[in-house]
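Undergrad: Residue numbers (our numbering), protein chains in the order written: chain Z, 7 to 205; chain A, 109 to 359. For every residue, glycine included, the Cβ atom is placed at its ideal position computed from N, Cα and C.
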């Protein structure tokens with residue numbers, strides 16, 4: 007093999023190895039879910055979020071306003087709501103640390119959520135409400151039925167920040183509109199709501 | 109007196125005809141050889157030019173990917189703290205992987221089959237990277253079809269085959285490992301990847317036909333140029349002979 011051929015073969019091997027490494031990194035990133043949280047089995051007392059009423063279910067969505075992945079969650083919420091045909095109300099809790107200036111939470115996540123019919127957006131200072139609902143990851147969705155029982159807990163996206171149809175859509179739709187009796191779960195993809203210790 | 113007119117058969121290999129036929133055959137051979145050389149020359153020129161164009165395209169895609177990552181997902185957050193997002197690293201480093209090797213091949217090995225196929229594979233991987241960086245937006249999937257169209261400019265259907273294998277391989281692998289990431293459902297029918305691949309094959313069918321027609325046109329053009337060159341050469345020889353005869357007559 008000539009010197010040029012050797013260099014070419016070496017470069018090709020480096021390229022293939024780099025592709026494999028990058029592919030693995032993307033795969034790990036995409037498929038690593040956040041902490042699932044522990045939403046209470048019944049609508050928590052003391053919450054300032056309006057409890058289910060009028061025979062409708064309630065979807066609760068917890069959102070970190072700066073989390074890029076959560077934009078996909080809100081986009082999917084926008085696709086899901088029309089499918090629920092007015093049988094559910096949705097509340098998006100947008101996190102903001104109390105020490106941060108007002109307006110920090112007014113990102114695309116906030117404005118996109120406000121544009122969805124049937125969705126109310128609430129500021130959640132220091133994540134107090136999120137903690138009450140046992141959420142640990144931005145993008146966490148909890149569905150309570152009309153009687154305040156938890157029926158679904160999980161995320162709306164299939165991977166981190168990735169839009170598209172998901173099993174969660176089908177489960178929530180079945181629970182809210184089709185009378186599905188079994189509870190549902192899915193993995194949550196998004197930024198952590200808790201600040202790491204030491205920061 | 110009755111006259112019968114019988115057709116006069118031209119004997120094969122007549123001493124009068126054979127030098128003319130041999131000259132024609134020789135001329136044809138020379139035209140064919142010249143046409144083949146012109147065809148190869150033009151193909152090589154086109155391949156080299158496209159290799160360079162794709163190298164620039166990939167550099168542009170690299171810059172675009174970094175800008176997209178910085179605009180769409182500059183930081184990942186955990187509560188109150190932020191860190192540079194994985195997508196920024198991916199755009200910079202992954203973009204380098206997808207750009208530098210094919211660009212180096214385009215610079216140092218232009219016009220080679222290996223270069224074309226590496227470029228085709230990387231171009232389709234660029235589609236995957238851009239789709240990932242834009243969060244799976246359906247609009248970004250158009251990059252796949254645009255790229256196939258660009259690759260068809262090579263007029264080499266094998267390049268399209270490589271590109272298609274990369275796309276289909278990505279889908280098949282995802283279907284096997286994590287179907288929900290492609291189809292949104294956990295247990296898709298086994299043929300679902302074929303449904304996606306069908307649209308790629310649909311475009312490929314048109315592009316392959318365009319490639320074959322393009323090659324035929326290129327061969328035709330090369331043949332015409334070779335014939336024109338031969339005619340010009342023959343005219344020049346005749347003119348020279350005429351001038352020599354006139355000069356001889358004047359003496």
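Which same chain residues, not among the five before or five after residue 53 of chain Z, have their C-beta less than 7 angstroms away from its C-beta?
TA: The residue given as residue 53 of chain Z occupies position 47 in the first chain. These residues qualify, in order along the chain: 135, 138.
Undergrad: Is the beta carbon of residue 115 of chain Z closer than 8 angstroms to that of residue 69 of chain Z?
TA: As a working mapping, residue 69 of chain Z is identified with position 63 in the first chain. As a working mapping, residue 115 of chain Z is identified with position 109 in the first chain. Against a cut-off of 8 angstroms, the Cβ pair of residue 115 of chain Z and residue 69 of chain Z comes out as a contact.
Undergrad: From the DSSP secondary-structure annotation, give me the bridge partner or partners of residue 128 of chain Z.
TA: Residue mapping note: residue 128 of chain Z aligns to position 122 of the first chain, counting from 1. Residue 128 of chain Z is bridged to Z:99.
Undergrad: Three or more beta-carbon pairs under 8 angstroms between the region 164-183 of chain Z and the region 12-24 of chain Z, yes or no?
TA: no
Undergrad: Quick one: is residue 37 of chain Z near chain A, going by C-beta distance under 8 angstroms?
TA: Indexing the first chain from 1 puts residue 37 of chain Z at position 31. It does; some Cβ of chain A falls within 8 angstroms.
Undergrad: Please report whether the beta-carbon of residue 119 of chain A lies at a distance below 8 angstroms from any beta-carbon of chain Z.
TA: For the purposes of this step, residue 119 of chain A is taken as the residue at position 11 of the second chain. Annotation note: pLDDT 49 at residue 119 of chain A (below 50); position unreliable, coordinate value reported separately. By this cut-off, residue 119 of chain A is not an interface position.
Undergrad: Short of 7 angstroms in beta carbon distance, which residues of its chain neighbour residue 110 of chain A, apart from the five on each side in sequence? Order them along the chain.
TA: Position 2 of the second chain, counted from the first residue, corresponds to residue 110 of chain A. Since pLDDT at residue 110 of chain A reaches only 41, below the 50 mark, its modelled position is unreliable, and the value read off the structure follows with that caveat. If we look at residue 110 of chain A and ignore the five residues flanking it on each side, it has no Cβ neighbours.
Undergrad: What does the alpha-carbon distance come out to for the pair residue 345 of chain A and residue 14 of chain Z?
TA: For the purposes of this step, residue 345 of chain A is identified with residue 237 of the second chain, where counting begins at 1. For the purposes of this step, residue 14 of chain Z is identified with residue 8 of the first chain, where counting begins at 1. If I take the Cα positions, the gap works out to 49 angstroms.
Undergrad: Starting from the C-beta of residue 81 of chain Z, find all residues in its chain whose C-beta is less than 8 angstroms away, skip the five residues before and the five after it, and write them out in chain order.
TA: Here residue 81 of chain Z is taken as the residue at index 75 of the first chain, counted from 1. 118, 169, listed in sequence order.
Undergrad: Return the chain-ordered ranges of every beta strand (DSSP E) run that is complete within the region 104-190 of chain Z and spans a minimum of 3 residues.
TA: 125-131, 147-150, 156-160
Undergrad: In the structure shown, what three-state DSSP assignment does residue 286 of chain A receive?
TA: Along the second chain, one-based indexing puts residue 286 of chain A at 178. Note: residue 286 of chain A maps to coil in three-state DSSP.
Undergrad: Does residue 49 of chain Z come out as helix, strand or coil in the three-state DSSP assignment?
TA: Taking the first residue of the first chain as 1, we reach residue 49 of chain Z at position 43. The three-state reading of DSSP puts residue 49 of chain Z in coil, since its state is none of H, G, I, E or B.
Undergrad: Can you tell me whether residue 343 of chain A is buried or exposed, with buried defined as 16 or more other CB within 10 angstroms of its CB?
TA: Taking the second chain and counting its residues from 1, one reaches residue 343 of chain A at position 235. A residue is called buried once 16 or more other Cβ atoms fall within 10 Å of its Cβ, and residue 343 of chain A, having fewer, is exposed.
Undergrad: Please list, in chain order, the chain Z residues whose beta carbon lies closer than 7 angstroms to that of residue 240 of chain A.
TA: Residue mapping note: residue 240 of chain A aligns to position 132 of the second chain, counting from 1. Under the 7 angstroms cutoff, chain Z gives 32.
Undergrad: Listed in chain order, which residues of the region 164-189 of chain A have Cβ atoms closer than 9 angstroms to some Cβ of chain Z?
TA: 180, 181, 182, 183, 184, 185, 186, 187, 188, 189
Undergrad: According to a CB-to-CB cut-off of less than 9 angstroms, which residues of the region 191-216 of chain A neighbour chain Z?
TA: 193, 194, 195, 197, 198, 201, 202, 204, 205, 206, 208, 209, 210, 212, 213, 216
Undergrad: Mind checking residue 214 of chain A: buried by the 16 CB within 10 Å criterion, or exposed?
TA: Residue mapping note: residue 214 of chain A aligns to position 106 of the second chain, counting from 1. Buried is the call here.
Undergrad: Do you know offhand how far residue 278 of chain A's Cα is from residue 201 of chain Z's?
TA: Locating residue 278 of chain A in the second chain gives position 170, where the first residue counts as 1. Locating residue 201 of chain Z in the first chain gives position 195, where the first residue counts as 1. Those two C-alpha atoms are separated by around 36 angstroms.
Undergrad: Beta strand (DSSP E) containing residue 65 of chain Z: first to last residue?
TA: Here residue 65 of chain Z refers to the residue found at position 59 when the first chain is read from its first residue. Run containing residue 65 of chain Z: 63-69, per the beta strand (DSSP E) assignment.
Undergrad: Measure from the C-beta of residue 109 of chain Z to each C-beta in chain A and report whether the shortest distance is under 8 angstroms.
TA: Start at 1 with the first residue of the first chain, and residue 109 of chain Z comes out as number 103. Not one chain A Cβ lies under 8 angstroms of residue 109 of chain Z.
Undergrad: Indicate the three-state DSSP secondary structure (helix, strand or coil) for residue 190 of chain A in the structure shown.
TA: Numbered from 1 along the second chain, position 82 holds the residue referred to as residue 190 of chain A. The answer is strand: DSSP assigns residue 190 of chain A an E or B state.
Undergrad: Please list the residues of the region 57-76 of chain Z that have a C-beta atom closer than 7 angstroms to any C-beta atom in chain A, keeping them in chain order.
TA: 70, 72, 73, 74
Undergrad: Quick check on DSSP: helix, strand or coil for residue 119 of chain A?
TA: Here residue 119 of chain A refers to the residue found at position 11 when the second chain is read from its first residue. For residue 119 of chain A, the pLDDT reaches just 49, beneath the cut-off of 50, and the residue's location in the model is therefore unreliable, although a value from the coordinates is still provided. Coil at residue 119 of chain A, not helix or strand.
Undergrad: Cα-Cα, which of A:127, A:130, A:143, A:169 is closest to residue 334 of chain A?
TA: The count along the second chain starts at 1 and reaches residue 334 of chain A at position 226. Of A:127, A:130, A:143, A:169, the residue nearest in Cα terms is A:143.
Undergrad: With a CB to CB cut of under 6 angstroms and the five nearest residues on each side skipped, what residues in its chain are close to residue 218 of chain A?
TA: Counting from 1 along the second chain, the entry for residue 218 of chain A is found at position 110. If we look at residue 218 of chain A and ignore the five residues flanking it on each side, its Cβ neighbours are 156, 159.
Undergrad: Just checking my contact of residue 155 of chain Z with residue 48 of chain Z at CB under 8 angstroms: how many whole Å lie between their CB atoms?
TA: On the first chain, residue 155 of chain Z is found 149 positions in, with the first residue counted as 1. On the first chain, residue 48 of chain Z is found 42 positions in, with the first residue counted as 1. Residue 155 of chain Z to residue 48 of chain Z, Cβ: 6 angstroms. Contact.
Undergrad: To which residues of the same chain is residue 235 of chain A closer than 7 angstroms at the C-beta, ignoring the five residues directly before and after it?
TA: What you label residue 235 of chain A is simply residue 127 of the second chain in a count that begins at 1. Around residue 235 of chain A: 251, 252, 255.
Undergrad: Is the shortest distance between the beta-carbon of residue 25 of chain Z and the beta-carbons of chain A less than 8 angstroms?
TA: Counted from its first residue, the first chain places residue 25 of chain Z at position 19. Yes, residue 25 of chain Z counts as interfacial toward chain A.
Undergrad: Would you mind sorting residue 264 of chain A into buried or exposed? The rule is 16 or more other CB atoms within 10 Å of its CB.
TA: Numbered from 1 along the second chain, position 156 holds the residue referred to as residue 264 of chain A. It is buried - the Cβ of residue 264 of chain A has at least 16 other Cβ atoms within 10 Å.
Undergrad: My assumption, with CB atoms under 8 angstroms, is that residue 3 of chain Z sits in contact with residue 67 of chain Z. Please give the rounded CB distance.
TA: With chain Z running from 7 to 205 in the structure shown, residue 3 of chain Z is simply not present.
Undergrad: Along the region 322-355 of chain A, what residues have a CB closer than 7 angstroms to any CB found in chain Z?
TA: none
Undergrad: List the residues of chain Z whose Cβ lies closer than 8 angstroms to the Cβ of residue 245 of chain A, in chain order.
TA: As a first step, residue 245 of chain A is located in the second chain; it is residue number 137 there, counting from the start. Under the 8 angstroms cutoff, chain Z gives 169.
Undergrad: Which whole-angstrom value is the C-beta distance of residue 232 of chain A and residue 207 of chain A, which I expect to be below 8 angstroms?
TA: Here residue 232 of chain A corresponds to residue number 124 of the second chain, with the count starting at 1. Here residue 207 of chain A corresponds to residue number 99 of the second chain, with the count starting at 1. Their Cβ separation, rounded to whole angstroms, is 14 angstroms, which puts residue 232 of chain A and residue 207 of chain A out of contact at 8 angstroms.
Undergrad: With a threshold of 16 other CB atoms inside 10 Å of the CB of residue 149 of chain A, please say whether the residue is buried or exposed.
TA: As a first step, residue 149 of chain A is located in the second chain; it is residue number 41 there, counting from the start. Counting Cβ neighbours within 10 Å, residue 149 of chain A comes out exposed, since fewer than 16 surround it.
Undergrad: Just to confirm the assignment, what range does the alpha helix (DSSP H) spanning residue 161 of chain A have?
TA: Within the second chain, residue 161 of chain A is the residue found at index 53, counting from 1. Residue 161 of chain A -> alpha helix (DSSP H) spans 126-180.
Undergrad: When you compare the CB positions of residue 74 of chain Z and residue 167 of chain Z, do they come within less than 8 angstroms of one another, or not?
TA: Position 68 of the first chain holds residue 74 of chain Z. Position 161 of the first chain holds residue 167 of chain Z. Going by C-beta atoms, residue 74 of chain Z is nearer than 8 angstroms to residue 167 of chain Z.
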